[in-house]
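Numbering-wise (our numbering), the sequence shown opens with residue 5 and increments by one.
Built from N, CA and C at the ideal position, the CB exists for glycine as well.
Written below as structure tokens is the structure these notes are about.
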Amino acid sequence: MEKFKLLKLGKPATLLLEDGTVFRGKSFSNPQTVTGEIVFNTGMTGYQEIFTDPSYNEQLVVLTYPEIGNTGTNLDDYESLKIQAKGIILKNLSNAYSNFRAMRSLLSFLKRHKVVEIHDIDTRALVLHIRNNKTMLAVISNETYNLTFKEAKATIKYGKHTLNSNLASRVSTSLDYYQWMQPLNRKLKFGYSIIRSFNSAINKKLHTSKKLRIIVLDLGVKFNILRYLKSFECEVIIVNYKSTYQQVMKFHPDGIVISNGPGDPAKINRVVVRVNKFINKKIPILGICLGHQILARCFEAKTFKLKFGHRGLNHPVGINKRMEITSQNHGFAVNFEFLKSNKFYANHLNLNDGTLAGISSQNFPLISVQYHPEGSPGPHDSNYLFKYWVYIIYKSKSS
């Protein structure tokens with residue numbers, strides 16, 4: 005654990021939005037200028053998981069909670085191998101931290117990963133501006149305090165080009181495949197024991213001790229999704245998003261997970277074509293976040309960009325008098341129209357704006373959700389979904 009020291013104010017820095025709005029702040033980062041899509045997360049905790057979530061790739065993340073850094077960073081709360089956010093925007097950055105797991109300060113963590121931060125920003129005014137207008141591109145610079153829109157124009161143009169590309173290719177594993185071995189953390193040991201007993205009971209019922217083999221199509225998968233799957237004593241194999249139907253089927257999967265990830269689902273048409281083949285094979289499939297959108301697109305659903313997205317730890321979803329509080333991180337949603345002609349059920353609706361938040365099929369063993377059942381950070385209201393999906397796999401195998 006490193007010793008902390010009080011911070012000075014930092015050097016002047018500028019946040020310039022695509023519409024010309026300017027916010028002045030301070031920064032402790034090494035001099036750099038970066039551009040990305042500016043989004044906000046309303047969570048009070050879990051900043052390390054947020055920053056390392058691959059779904060934030062190429063984005064500048066505003067945290068609405070004013071005090072960030074108080075619990076430091078640790079070795080457990082990574083959701084990928086590095087910080088995925090392009091830049092971090094804060095009100096107050098604390099270099100003093102206190103937590104029994106903490107190993108280093110947030111500032112040290114950001115510097116280690118060479119990610120720019122800007123603090124002393126009126127984040128409430130900034131979030132209101134984004135909410136009232138829309139998500140847009142922005143530039144953070146601690147190189148030039150008086151950065152003008154004219155100077156930033158080329159940087160913003162490059163940012164638009166990047167956002168219009170296939171972002172899943174930036175965060176998917178570079179390996180053809182690898183096996184995940186880590187189950188849930190000890191802090192969830194009670195839940196882990198429930199999961200183990202559930203899995204053993206079904207194995208006994210079906211008179212088999214063979215482990216399920218789960219293939220995860222990596223579009224930017226979070227580590228905690230893999231931990232949950234592993235805690236069902238499954239064999240969890242992660243494959244590159246470019247993996248062909250033949251390459252995946254060589255593993256003889258019992259189930260396939262289409263993971264979360266960054267970007268526009270309309271930019272990864274080749275993945276849709278491959279997933280369609282798994283659906284027609286009637287392999288049980290679980291879609292999470294971007295994976296939910298990919299599954300819907302397999303049935304000719306349309307997706308659309310939300311005005312400012314859903315990013316936070318307390319988003320309510322539900323239907324028919326059942327409600328769950330969920331962790332969410334997405335900027336796109338699925339249009340309802342495809343449900344009518346494809347015999348799908350709407351299992352969940354977002355109770356804030358009524359957008360589609362979960363589906364299941366009458367004809368195929370698949371379910372998908374537009375939220376994160378694994379939390380991390382966030383509540384555990386929806387982690388039963390993994391258990392339910394494992395049940396679908398066993399039911400499919402026994403029929």
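| Item | Value |
| --- | --- |
| Isoleucine 260 Cβ short of 7 Å to the ligand HEM heavy atom set | Absence of the ligand HEM is noted for the structure shown, with no ligands found whatsoever. |
| Rounded C-alpha distance that separates threonine 177 from lysine 226 | 12 Å |
| Residue from Gln52, Asp80, Trp184 whose Cα sits closest to the Cα of leucine 67 | Gln52 |
| Assigned exposure category for glycine 24 - 16 Cβ within 10 Å defines buried | exposed |
| Where the alpha helix (DSSP H) containing glutamine 332 begins and where it ends | Premise fails: glutamine 332 lies in the beta strand (DSSP E), 326-338, not in any alpha helix (DSSP H). |
| Under 8 Å between C-beta atoms of leucine 188 and tyrosine 245 | no |
| Rounded straight-line distance, which links the Cα of cysteine 293 to that of glycine 322 | 16 Å |
| Per-residue burial, phenylalanine 194 [other beta carbons within 10 Å of its own, 16 or more giving buried] | Low confidence applies here, because phenylalanine 194 scores a pLDDT of 36, under 50, leaving its location unreliable and the question unanswered by this model. |
| Alanine 156 - DSSP class collapsed to helix/strand/coil | helix |
| Classification of proline 377 by the beta-carbon crowding that lies within 10 angstroms, buried from 16 upward | buried |
| is_contact[isoleucine 218, chain B] using C-beta, thresh 8 Å | Reference to chain B is not applicable here, since this structure consists of a single protein chain. |
| In chain order, each alpha helix (DSSP H) run of at least 4 residues that lies wholly inside the segment 236-260 | 249-253 |
| Boundaries of the beta strand (DSSP E) in which phenylalanine 308 is found, first to last residue | 307-323 |
| Same chain, Cβ closer than 6 Å to lysine 306, neighbours up to 5 away in sequence not counted | Asn339 |
| Inter-stretch contact (C-beta, 8 Å, three-pair minimum) for the segment 64-79 and the segment 262-273 | no |
| Three-pair Cβ contact test at 8 Å for the segment 144-151 versus the segment 244-263 | no |
| Spatial distance of glycine 379 from isoleucine 229 (CA atoms) | 9 Å |
| Extent of the continuous alpha helix (DSSP H) to which arginine 174 belongs | 172-175 |
| Within 8 Å, strictly: CB atoms of alanine 142 and isoleucine 54 | no |
| Buried or exposed by the 16-neighbour rule on C-beta atoms within 10 Å, applied to alanine 89 | buried |
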